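Residue numbers (this note's numbering), protein chains in the order written: chain A, 1 to 190; chain B, 1001 to 1190. Worksheet for the structure shown next.
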DNA sequence: TCCAATTTCTAGCGCTGCTAGATACAAGAG
DNA sequence: CTCTTGTATCTAGCAGCGCTAGAAATTGGA
């Protein structure tokens, strides 16, 4: 039985190596540079091995995205925990969200721009996604008024996402970034 | 000289045909289905002809995006013109923006998701983009207060864009769409 | 009618994600 | 220790992509 468990352990280790290689390569050179051949070379196995772990390249990207959702949630939790008052909490959480997207562009792309449908159906993304979403919800709760918290949170999240994506694709001048964020925070914390 | 002008006319016509074919194919089957080989077949010429009109596939997509910016601007102008009061204008323009993105997803993708950098530098996009942006600015002007109009408009635009993209990628439940839009309008028209 | 210039096409390069079939390897039976 | 069976891995290749060099066809003027 022990050789069996050893093999399973090695297999799991290799799977982590694939995801890690994809993530690092995407961060360093963008997702265009992440090809199945390069990934295979990186983990020192042949190409078809990837397909014994994942259904295809999309599934590998989805695995990277899952890591991203967990880290984003953690970043938001940290930001809210250290905020002085409710209004400052909104500002801090918004800043943390934007900072996450700016510092890990490839990760953010995997989570939102690419990997269109795979992880949202049933896997463990909902857990970490829900963690992040709940954190956003608690942050804006004091400012919802008599409206629906979930709807309000989704709208705030969308606005943050829009700021991030438009700026990352150079549709917005980088210079006004902080002021736009301030406007957004102001509008959602009154 | 007349044969010369005829040739130029035919050439311009063919260029329009390429852009039209790309647009229709993208609308019908998505941008993944728009390959240079299919485009060539559609206009009944061989593949390299495309490259005598455009630098590459990205440039063709950029041309489609240019059309999109013009149409979006027109849609926003129409929406604002028919609004009763300033607050209603914000709601109508926001609704028009979202409707544009939903009804022409491939066009919206070409404008914002794909075609990353080509048309923003110097071509005629800025004209139509500026038209649309100016229309948004005039719509929200009554609600800016003592802040910066351009910054305020950019933030509002980003929020709309975020709503559109997150919903189109199924990150938001379609059901709450109208209510989220209402929250956004409320926050930016007070 | 022939030549020169332009336009268009055929053929192909290097790349992609992915997979079928061959091969090496490990585990259990005699 | 040998042989067989089943699994893990690799080699080789498919069909498709964007793009381009060089051949072929077409056109306009001498």
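All C-beta atoms, glycine included, are put in the ideal place defined by N, C-alpha and C. Given the structure is predicted, the values throughout are model-derived calculations rather than measurements.
Please classify residue 1172 of chain B: does DSSP put it in a helix, a strand, or coil?
By one-based count along the second chain, residue 1172 of chain B stands at place 172. Residue 1172 of chain B: coil per DSSP, three-state reduction.
Can you tell which of B/1035, B/1073 and B/1184 has the C-alpha that lies nearest to the C-alpha of residue 1133 of chain B?
Position 133 of the second chain holds residue 1133 of chain B. Of B/1035, B/1073 and B/1184, the residue nearest in Cα terms is B/1073.
Between residue 1079 of chain B and the rest of its own chain, which residues show a CB-CB distance below 6 Å, the 5 nearest in sequence each way excluded?
Sequence index remark: in the second chain, residue 1079 of chain B carries index 79 (1-based). Here the set comprises 1092, 1093 and 1096.
If you measure from the beta carbon of residue 1035 of chain B to each beta carbon in chain A, is any gap under 9 Å?
As a position in the second chain, residue 1035 of chain B is number 35, starting the count at 1. Answer no: the Cβ-Cβ gap between residue 1035 of chain B and chain A never drops below 9 Å.
What three-state label does DSSP hand residue 1082 of chain B in the structure shown?
The residue labelled residue 1082 of chain B in the question sits at position 82 within the second chain. It is coil, neither helix nor strand.
Given this structure, state the Cα-to-Cα distance separating residue 165 of chain A from residue 42 of chain A, to the nearest angstrom.
Here residue 165 of chain A refers to the residue found at position 165 of the first chain. Here residue 42 of chain A refers to the residue found at position 42 of the first chain. Cα to Cα, residue 165 of chain A sits roughly 30 Å from residue 42 of chain A.
Rounded C-alpha distance that separates residue 1054 of chain B from residue 1010 of chain B
Numbered from its first residue, the second chain carries residue 1054 of chain B at position 54. Numbered from its first residue, the second chain carries residue 1010 of chain B at position 10. So the alpha carbons of these two residues sit roughly 16 Å apart.
Nonlocal neighbours in the same chain, by C-beta distance under 7 Å from residue 83 of chain A, ignoring five residues either side:
For the purposes of this step, residue 83 of chain A is identified with residue 83 of the first chain, where counting begins at 1. If we look at residue 83 of chain A and ignore the five residues flanking it on each side, its Cβ neighbours are 89 and 92.
Rounded separation between residue 144 of chain A and residue 152 of chain A - CA only:
For the purposes of this step, residue 144 of chain A is identified with residue 144 of the first chain, where counting begins at 1. For the purposes of this step, residue 152 of chain A is identified with residue 152 of the first chain, where counting begins at 1. Looking at the two C-alpha atoms, the distance is approximately 7 Å.
Use the C-beta contact count for residue 108 of chain A: other C-beta atoms within 10 angstroms, 16 or more gives buried, fewer gives exposed.
Residue numbering aside, residue 108 of chain A sits at position 108 when the first chain is read from its first letter. With 16 or more Cβ atoms within 10 Å of its Cβ, residue 108 of chain A is classed as buried.
Quick one: what's got a C-beta closer than 6 Å to residue 1129 of chain B's C-beta in the same chain, skipping five residues either side?
Mapped onto the second chain, residue 1129 of chain B falls at position 129. So the qualifying residues of the chain are 1069.
Give me the Cα-Cα distance between residue 1001 of chain B and residue 1012 of chain B, rounded to the nearest whole angstrom.
Working through the second chain from its first residue, we reach residue 1001 of chain B at position 1. Working through the second chain from its first residue, we reach residue 1012 of chain B at position 12. Residue confidence for residue 1001 of chain B is low, a pLDDT of 47 falling below 50, so the modelled location carries little weight; the figure read from the coordinates is stated next. Rounded to whole angstroms, residue 1001 of chain B to residue 1012 of chain B spans 17 Å at the Cα level.
Nearest residue (CA-CA) to residue 1018 of chain B, options B/1028, B/1160, B/1057 and B/1184
Locating residue 1018 of chain B in the second chain gives position 18, counting from the first residue. It is B/1057.
According to DSSP, is residue 1 of chain A helix, strand or coil?
As a working mapping, residue 1 of chain A is identified with position 1 in the first chain. Caution applies to residue 1 of chain A, whose pLDDT of 48 falls short of 50 and renders its modelled position unreliable; the model cannot decide the point.
Based on Cα-Cα distance, which residue from B/1154, B/1161, B/1114 and B/1038 lies nearest to residue 1064 of chain B?
In the second chain, counting from the first residue as 1, residue 1064 of chain B sits at position 64. When each option's Cα is compared against that of residue 1064 of chain B, the closest is B/1114.
Which residue from B/1146, B/1168 and B/1150 puts its Cα closest to that of residue 1103 of chain B?
What you label residue 1103 of chain B is simply residue 103 of the second chain in a count that begins at 1. Among B/1146, B/1168 and B/1150, the Cα nearest to that of residue 1103 of chain B is on B/1168.
So what's residue 1162 of chain B in DSSP terms, helix, strand or just coil?
One-based indexing of the second chain puts residue 1162 of chain B at position 162. Helix.
Taking residue 1069 of chain B as the query, report the chain A residues whose CB atoms sit under 8 Å from its CB, ordered along the chain.
Taking the second chain and counting its residues from 1, the one referred to as residue 1069 of chain B is at position 69. Within 8 Å Cβ-Cβ: nothing; residue 1069 of chain B doesn't reach chain A, min ~11 Å.
Per DSSP, what kind of secondary structure is residue 1145 of chain B in: helix, strand or coil?
Here residue 1145 of chain B refers to the residue found at position 145 when the second chain is read from its first residue. Looking at residue 1145 of chain B - three-state DSSP - the assignment turns out to be coil, as it is neither helix nor strand.
What are the boundary residues of the alpha helix (DSSP H) that residue 1128 of chain B is part of?
On the second chain, residue 1128 of chain B is found 128 positions in, with the first residue counted as 1. Element bounds for residue 1128 of chain B: 1125–1140.
So which of B/1149, B/1140 and B/1187 has the shortest CA-CA distance to residue 156 of chain A?
Residue mapping note: residue 156 of chain A aligns to position 156 of the first chain, counting from 1. It is B/1187.
Assign residue 30 of chain A to buried or exposed, taking buried as 16 or more other Cβ atoms, counted over all protein chains shown, within 10 Å of its Cβ.
Taking the first chain and counting its residues from 1, one reaches residue 30 of chain A at position 30. With fewer than 16 Cβ atoms within 10 Å of its Cβ, residue 30 of chain A is classed as exposed.
Could you check the C-alpha separation between residue 1184 of chain B and residue 1131 of chain B for me, to the nearest Å?
Reading the second chain from its first residue, position 184 is the one you call residue 1184 of chain B. Reading the second chain from its first residue, position 131 is the one you call residue 1131 of chain B. Cα to Cα, residue 1184 of chain B sits roughly 22 Å from residue 1131 of chain B.
Exposed or buried, what is residue 7 of chain A when buried is set at 16 or more other beta-carbons lying within 10 Å of its beta-carbon?
Within the first chain, the letter at position 7 stands for residue 7 of chain A. Counting Cβ neighbours within 10 Å, residue 7 of chain A comes out exposed, since fewer than 16 surround it.
Chain A contact residues for residue 1166 of chain B, given Cβ-Cβ distances below 7 Å
Within the second chain, numbered from 1, the residue matching residue 1166 of chain B stands at position 166. Those are 158 and 161, listed as they occur along chain A.
Since residue 20 of chain A contacts residue 110 of chain A with CB under 8 Å, what's their CB separation in whole angstroms?
As a working mapping, residue 20 of chain A is identified with position 20 in the first chain. As a working mapping, residue 110 of chain A is identified with position 110 in the first chain. The pair is not a contact, with the Cβ atoms about 13 Å apart (cut-off 8 Å).
In the structure shown, what three-state DSSP assignment does residue 55 of chain A receive?
Here residue 55 of chain A refers to the residue found at position 55 of the first chain. Coil.
Within the 9 Å Cβ cut-off, does residue 1112 of chain B reach chain A?
Taking the first residue of the second chain as 1, we reach residue 1112 of chain B at position 112. So, interface residue.
Check whether chain A comes within 9 Å of residue 1188 of chain B, counting only Cβ atoms and requiring the distance to be less than that.
Within the second chain, residue 1188 of chain B is the residue found at index 188, counting from 1. Yes, residue 1188 of chain B lies at the interface with chain A (some Cβ there is under 9 Å from its Cβ).
Just checking: is the beta-carbon of residue 1172 of chain B within a distance shorter than 9 Å of some beta-carbon in chain A?
Working through the second chain from its first residue, we reach residue 1172 of chain B at position 172. Residue 1172 of chain B counts as touching chain A.
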